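Comments concern the structure below.
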Amino acid sequence: MSRHIGSYPLPPYLKSKLLAGGFSTVEDLEDVKPVELSKELKISPEEALEVLRVVQGEQKDPSSASSPDDGVKTALDMLQEEREQGCIITFCSALDELLGGGVPLTKITEFCGAPGVGKTQMGMQLAIDVQIPSAFGGLGGEAVYIDTEGSFMVQRLEDMAKAAMEHCRHIATVENNREQLEAMANFTVEHILSRIHFYRVHDWVELVALVNILPEFLQQHPKVRLVVIDSIAFPFRHDFEDLSLRTRLLNGLAQNCIRLADSHKAAVVLVNQMTTKMGHSGDGQAHLVPALGESWGHASTIRVLLFWEAGCRYARLYKSPSREEATVPYQVTVAGIRDVCIPNNMQDLSTATKEEGDSLGEHSQRKRPRVS
Amino acid sequence: MSLRKLRRLGLEPELVDRLERHKKLSSCQDILEKIHLELLHLTNLTHSDVQKIVMTASRACAPTPTTALQMRQAGFSSGSTPFLSTSLPGLDQALHGGIPAGSVTEIAGPAGCGKTQFCIMLSVLATLPCEMGGLGGAVVYIDTESAFSAERLVEVAQGRCPQHFCSDDAFYKLTSQVYVHKTPTCTDLWNRLQCLEEELIEKRVRLVILDSVASVVRKEFDNSLRGNLSQRVKLLSKEAALLKYLAESLNIPVVVTNQITTRFNTSREGPHHDVLSGDLGAGNSAGASAAVDGGYVTAALGNTWSHSVNTRLIVQYLDDKYREVMVAKSPIAPFSSFVYTIQSSGIVLQDDETIRKWSERVATDPGLIPIKVRTMLGQGGGLVVP
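Order-wise, the sequence lines are chains A and B.
Sequential numbering from 1 applies to the first sequence in full-length UniProt numbering.
Sequential numbering from 1 applies to the second sequence in full-length UniProt numbering.
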């Protein structure tokens with residue numbers, strides 16, 4: 001295989017430089033880097049690269065050749081993909097705005113919050129919203145819901161699914177859009193419930209195992225666009241003497257989630273608890289911070305903090321690569337996660353609080369944010 | 001499932017032998033807690049072989065999926081209701097049918113407000129046959145405060161369903177189906193919880209009550225030492241995980257009661273300085289409110305425990321006669337509240353008229369809800385409104 005340099009389709013001046021530099025056969029050029037070659041022969045790096053491409057490209061088996069272009073995307077490609085991908089809306093327009101259109105696909109979004117603030121409700125709402133038909137600008141996908149806490153209530157899910165369905169039907173009838181009306185024929189409560197794949201996990205071993213085999217499941221169910229883990233914290237908050245083991249397991253879990261999100265174009269939503277932390281300065285001040293420690297903070301791309309203030313629920317964007325930090329109010333009604341109606345005057349205020357009380361036990365037909 | 005032996009996974013016996021003997025890898029958990037590099041190092045196998053072992057172990061451990069639709073249909077077909085009716089119409093409606101099976105429900109509130117009454121009433125209801133809205137099974141009542149009274153149980157039963165409890169036979173059936181365990185210390189409680197699984201299956205238990213989860217840990221753990229606090233959180237988390245596991249795997253409701261604590265906004269003495277609930281009433285008998293020093297009364301045991309319960313009901317005093325129960329945290333119900341009184345038949349909800357007398361409350365963080373307590377014992381009035 002010692003083919004002579006002269007037999008390659010190279011311009012004569014390069015051939016003569018190669019020969020003058022002592023490179024006469026293919027073996028001589030093996031393992032030579034472009035910059036090295038350009039320095040030695042006093043040619044430009046581009047010319048050196050071309051020489052190597054021509055010579056080695058013929059020699060190597062093209063299927064095994066790992067071109068440096070593999071796995072690289074330009075920002076232009078990514079921009080296009082991101083635009084096409086779409087988001088999972090939350091049915092709270094303020095929250096969607098905060099997140100830049102909703103919970104993004106291929107990313108990990110973490111919701112942290114105090115007990116009872118609506119984290120599980122958020123997870124269930126997203127599991128329904130990911131299924132909104134494409135005629136309404138939704139994703140028409142399916143959801144995987146991993147419950148570690150036992151808070152998943154199918155009765156509650158049914159209520160929220162019913163509300164989402166009625167909302168979509170309302171839009172379709174008002175706009176009298178044929179495509180949307182046809183889509184509604186399939187968008188029933190049974191349909192929604194049958195497309196939420198539910199796992200009940202009892203300890204961290206089961207969770208780690210499940211995340212390991214989840215890629216197989218997603219291959220069989222290619223329409224899954226959302227994976228909810230509610231919550232990531234509970235299995236890791238007891239029975240851990242060895243904290244380094246915990247950190248290692250969590251890191252592995254986060255890695256697998258990122259891979260899952262990326263390769264299956266799915267959004268991964270992690271629910272996290274809050275924990276009390278003493279201040280560093282010894283002032284004895286205690287703060288509520290997301291559980292699982294500092295290093296876990298790197299795991300999720302987007303972090304949203306849910307909290308109470310003066311009887312209203314708020315969501316604060318805590319970490320995001322693309323959006324500004326901000327705080328918006330939201331509420332949890334019988335129908336699910338919704339916007340807070342902003343009162344114009346005192347009259348509105350009183351009806352708003354009255355509505356809150358009335359919302360119990362009946363399906364409120366309140367204004368809901370538009371889907372599309 | 002996590003301790004499942006590698007031997008049963010259908011791997012090559014030779015490989016399993018080697019892993020067990022030399023590397024102390026015998027269960028799936030041992031495999032899954034190692035990272036790939038460690039396993040490569042330990043097993044001396046190729047990457048793809050290690051990958052194969054990890055995937056086999058994962059498949060053995062991972063739970064199987066169901067769809068929400070299947071869950072709903074299973075709920076309909078199995079006949080066992082997913083809820084235990086509290087026989088309080090308003091509360092049942094808010095909770096979609098009552099105390100949810102398969103999860104942990106907490107009742108928190110000040111001393112003497114009716115937590116134990118709630119538990120006794122639920123015990124009676126759970127023993128009722130299914131046709132009468134009960135669960136038709138036995139009850140395990142874990143009593144850490146020695147507050148359970150069999151006489152009261154009979155009285156409530158009589159008051160609730162006079163037509164059912166008209167013969168000695170019915171009372172015999174009721175009382176022989178409520179198993180009361182007294183566990184005065186943390187160790188007792190933990191031991192009892194650990195061997196509960198067998199008992200629940202053997203005696204066909206349909207309801208577990210733990211009254212109260214707070215008293216033993218608060219007696220035994222002194223919070224002024226920092227190490228103690230984390231020990232306490234750890235113990236409580238373990239208890240919560242076990243109770244959840246029992247509730248979930250046997251599909252029964254688990255009810256725990258919790259005490260209250262005083263929280264200070266400006267924490268000079270740590271995050272939440274615990275005050276035993278009884279002290280508040282007796283100590284501040286001059287009508288001084290519990291809200292002094294910028295503190296307020298709320299459910300005890302801290303934030304991590306609040307995460308651990310699935311549903312939280314809070315009971316509080318309104319005046320010497322009326323009390324209020326609030327749905328403070330629930331995956332299924334919005335925030336709502338109901339006024340009740342305690343009568344000989346147990347908890348009795350009041351009509352809309354009485355409820356309207358008390359102003360509407362707005363929802364807030366269930367870990368921080370201020371709870372009204374009685375400050376003057378026996379004299380009525382003197383309420384603390386934080």
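Cβ coordinates follow ideal geometry from the N, Cα and C atoms, glycine included.
Remember, it's a predicted structure, so these values are computed and weren't measured experimentally.
The DSSP assignment places complete beta strand (DSSP E) segments of no fewer than 3 residues inside the region 179 to 205 of chain A at 196 to 200, in order along the chain. Looking from the CA of HIS167(A), the closest CA among GLN180(A), ARG156(A), GLN155(A) belongs to GLN180(A). Rounded to whole angstroms, GLU145(B) and GLY136(B) show a C-alpha spacing of 27 angstroms. Going by DSSP, GLN163(B) is part of no beta strand (DSSP E) at all; its letter is neither H nor E. Two segments are said to touch when three or more pairs of C-beta atoms, one from each, lie closer than 8 angstroms; by this definition the region 187 to 203 of chain A touches the region 130 to 144 of chain A. Three or more beta-carbon pairs drawn from the region 302 to 317 of chain B and the region 231 to 238 of chain B are found closer than 8 angstroms, and the two stretches are therefore classed as touching.
When the five nearest sequence neighbours on each side are left out, the beta carbons in the same chain lying within less than 6 angstroms of the beta carbon of SER103(B) are those of ALA247, ASN310, in order along the chain. By the neighbour-count definition (other C-beta atoms within 10 Å, threshold 16), ARG218(B) is a buried residue.
Using a CB distance cut-off of 8 angstroms, ASP262(A) does not count as an interface residue toward chain B.
Using a 10 angstroms sphere on the CB of ASN191(B), the tally of other CB atoms stays under 16, which defines it as exposed.
In summary, the residues of the region 80 to 102 of chain B whose CB is separated from some CB of chain A by less than 9 angstroms are PRO82, PHE83, GLY90, GLN93, ALA94, HIS96, GLY97, PRO100, GLY102, in the order they occur in the chain.
Boundaries for THR173(A): no beta strand (DSSP E) harbours it, while the alpha helix (DSSP H) harbouring it runs 154 to 175, taken from the DSSP string.
Annotation for ALA261(A): no beta strand (DSSP E) segment contains it, though the alpha helix (DSSP H) segment containing it runs 243 to 263.
Only LEU245, ARG248, LEU249, GLY252 from the region 244 to 268 of chain A bring a Cβ to less than 8 angstroms from some Cβ of chain B. Closest option to TYR179(B), judged by alpha-carbon separation, among LEU153(B), THR257(B), HIS164(B): LEU153(B). In this chain, THR64(B) is not harboured by any beta strand (DSSP E), its DSSP state being neither H nor E. Between the alpha carbons of VAL140(B) and CYS119(B) lies a gap of roughly 11 angstroms. Taking CB atoms only, SER151(A) has a neighbour in chain B less than 8 angstroms away. DSSP lists no beta-bridge partner residue for TRP305(B). Per DSSP, the unbroken alpha helix (DSSP H) holding LYS115(B) starts and ends at 115 to 127.
When the five nearest sequence neighbours on each side are left out, the beta carbons in the same chain lying within less than 8 angstroms of the beta carbon of VAL54(B) are those of ILE31, LEU32, HIS36, LEU39, in order along the chain. Under the DSSP definition of a beta bridge, ASP211(B) partners with ASP143(B).
TRP308(A): member of the beta strand (DSSP E) spanning 302 to 309, first to last residue. Secondary structure at GLY113(A): strand, using DSSP grouped into helix, strand and coil.
Secondary structure of GLN331(A) (DSSP, three-state): strand. With the criterion set as a beta carbon lying under 8 angstroms from some beta carbon of chain A, the members of the region 50 to 62 of chain B are VAL54, MET55, ALA57, SER58, ARG59, ALA60, CYS61, ALA62, in sequence order. Taking C-beta separations shorter than 8 angstroms and ignoring five residues to either side along the sequence, the partners of LYS24(B) in its chain run ASP30, following chain order. In the assembly as shown, ASP169(B) is an exposed residue. Its beta-carbon has fewer than 16 other beta-carbons within 10 Å. Just measuring C-alpha positions, the residue of TYR8(A), VAL72(A), LYS39(A), LYS33(A) sitting nearest SER24(A) is TYR8(A). For ALA328(B), the uninterrupted beta strand (DSSP E) segment begins and ends at 323 to 329. According to the DSSP assignment, GLN194(B) belongs to no beta strand (DSSP E) but to the alpha helix (DSSP H) extending over 186 to 194. Inter-residue distance for ILE342(B) and CYS113(B) is about 9 angstroms (C-alpha atoms, whole angstroms).
Look at ALA127(A) here: in three-state DSSP terms it is helix. Using a CB distance cut-off of 8 angstroms, TYR245(B) counts as an interface residue toward chain A. Within its own chain, the residues whose Cβ lies closer than 6 angstroms to the Cβ of ASN251(B), once the five positions on either side in sequence are excluded, are ALA101, GLY102, listed in chain order. Under the DSSP assignment, LEU18(A) falls in the alpha helix (DSSP H) whose first and last residues are 12 to 20.
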